[in-house]
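Read the structure below first, then the notes.
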Amino acid sequence: MKVLIVEDERPASENLVEELQAIDDKIDVVAGCNSVDETIRWLNKNPAPDLILMDIQLSDGLSFNIFKACDITCPVIFTTAYDKYLTQAFEYSSIDYLLKPISQDRLKHAIKKYKALRNHFVTNHEQWANGTNGDYGHHSVRSRILVRKGVEFQAVRVEDTGYFFTEHKLVFLVDKENRKYMAEKNNLSELEEELDKNIFYRANRKFIINANYIKRFKPMERSKISVELTLPVSEEIIISQENAASFKKWIAQS
1 MKVLIVEDER PASENLVEEL QAIDDKIDVV AGCNSVDETI RWLNKNPAPD LILMDIQLSD
61 GLSFNIFKAC DITCPVIFTT AYDKYLTQAF EYSSIDYLLK PISQDRLKHA IKKYKALRNH
121 FVTNHEQWAN GTNGDYGHHS VRSRILVRKG VEFQAVRVED TGYFFTEHKL VFLVDKENRK
181 YMAEKNNLSE LEEELDKNIF YRANRKFIIN ANYIKRFKPM ERSKISVELT LPVSEEIIIS
241 QENAASFKKW IAQS
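Listed below in structure tokens is the structure:
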């Protein structure tokens, strides 16, 4: 596993290298960058690493600026002394957010999470390529969604999800107990492709709803439809005139 460390404090960088080697001696720290500019230059000249450990506050600005200049496709574990960037960090490729001082147990847990995610996606890709992804053929349908709870992650069963919604460019999941979580997805369109379309429906730009949690629906003016769920929702869910017919067809078949 090839790891890039982005850290402007030398003692912290050296400590990360030592801790990573203690966790897994097969980890290869390919480079250490200490600024936004240096990281951009390195990423533009070298093959992408498997994982990046990245401090947020660097000597020449926030590391978020790196994402604006480079197409980072590998997972990132952010390391910082501040929790104020937590929400912003997960708009990027983050799989974890470690607060300094970083204990070996927290770092070990983050690396374990990375390996689990890597194995999951590699296995799913191989099944898809071989056409052996169960009853779904070539289309992979999610059974669980990764969500954030505080600084930890957990998996929520898709069938226990009442609805998904987006707010401030983040995706949230609300489960059957009306608990709200931040989901590990970039947008609803990406999520929609991974859900069972017999159960979930993209109601509008903001909501994806579960058929099993629809209480009732009623017609509105201009052939729109208002949907009421068994769970409380902060605003009315409206199906547009253009999508009203497809919604009725979907609800009758779901």
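Following UniProt numbering, the numbering of the sequence shown begins with 1 at its first residue and continues without gaps.
Note that the Cβ used here is the ideal one computed from N, Cα and C, for glycine as well.
Check: Beta strand (DSSP E) segment containing Thr-230, residue limits; Outcome: First-last for Thr-230: undefined, no H or E at that position.
Check: Residue nearest to Ser-94 in terms of C-alpha spacing, selected from Lys-108, Gln-104, Pro-101, Thr-79; Outcome: Thr-79
Check: Beta-carbon contacts of Ala-155 that lie in its chain and below 8 Å, excluding the five residues immediately before and after; Outcome: Arg-144, Ile-145, Leu-146, Val-147
Check: First and last residue of the uninterrupted alpha helix (DSSP H) at Leu-191; Outcome: 188-192
Check: Classification of Asn-124 by the beta-carbon crowding that lies within 10 angstroms, buried from 16 upward; Outcome: Reliability of the predicted coordinates at Asn-124 is poor, the pLDDT of 49 falling under 50, and no value is obtained from them.
Check: Pair within 9 Å by beta-carbon distance, Ser-35 and Ser-59; Outcome: yes
Check: 6 Å Cβ shell around Asn-178 - same chain, five flanking residues per side excluded; Outcome: Leu-231
Check: Ser-240 to Asn-187 span [Cα, whole Å]; Outcome: 20 Å
Check: Pairwise C-alpha distance: Asp-28 and Met-54; Outcome: 16 Å
Check: Start-end ranges of the alpha helix (DSSP H) lying completely within the segment 156-204, minimum 4 residues; Outcome: 188-192
Check: Selected residue, minimal CA-CA separation from Ile-40, among Arg-202, Phe-64, Leu-20, Lys-26; Outcome: Phe-64
Check: Outcome for Tyr-82 when other beta-carbon atoms lying within 10 angstroms are tallied against a minimum of 16; Outcome: exposed
Check: Simplified DSSP assignment, three categories, for Glu-126; Outcome: Residue confidence is low: Glu-126 scores 45 on pLDDT, short of 50, so the model does not pin down where it sits. No coordinate-derived value is stated.
Check: Anticipated Cβ contact below 8 Å, Phe-247 with Ile-225, distance rounded; Outcome: 6 Å
Check: Continuous alpha helix (DSSP H) stretch holding Asn-65: start and end; Outcome: 64-69
Check: Length of the line joining the Cα atoms of Asp-175 and Asp-160; Outcome: 6 Å
Check: For Val-36, the three-state DSSP class (helix, strand or coil); Outcome: helix
Check: Alpha helix (DSSP H) segment containing Asn-15, residue limits; Outcome: 10-23
Check: His-139 versus Lys-197: straight-line alpha-carbon distance, rounded; Outcome: Residue placement at His-139 is poorly supported in this model, since its pLDDT is 48, which falls under 50; the coordinates are not used for a value here.
Check: Contact check, Asp-50 vs Cys-74, beta carbons under 9 Å; Outcome: yes
Check: Extent of the continuous alpha helix (DSSP H) to which Lys-248 belongs; Outcome: 244-253
Check: Same chain only: Cβ atoms within 6 Å of Ala-244, ignoring 5 sequence neighbours per side; Outcome: Ser-223, Ile-225
Check: C-beta atoms of Leu-86 and Gly-162 nearer than 9 Å; Outcome: no
Check: Rounded C-alpha distance that separates Asp-235 from Phe-165; Outcome: The question names Asp, yet the displayed sequence has Glu at residue 235. Approximately 11 Å, taken between the alpha carbons.
Check: 8 Å Cβ shell around Val-17 - same chain, five flanking residues per side excluded; Outcome: Ile-5, Val-29, Gly-32
Check: Reduced DSSP category for Thr-79 - H, G, I as helix; E, B as strand; rest coil; Outcome: strand
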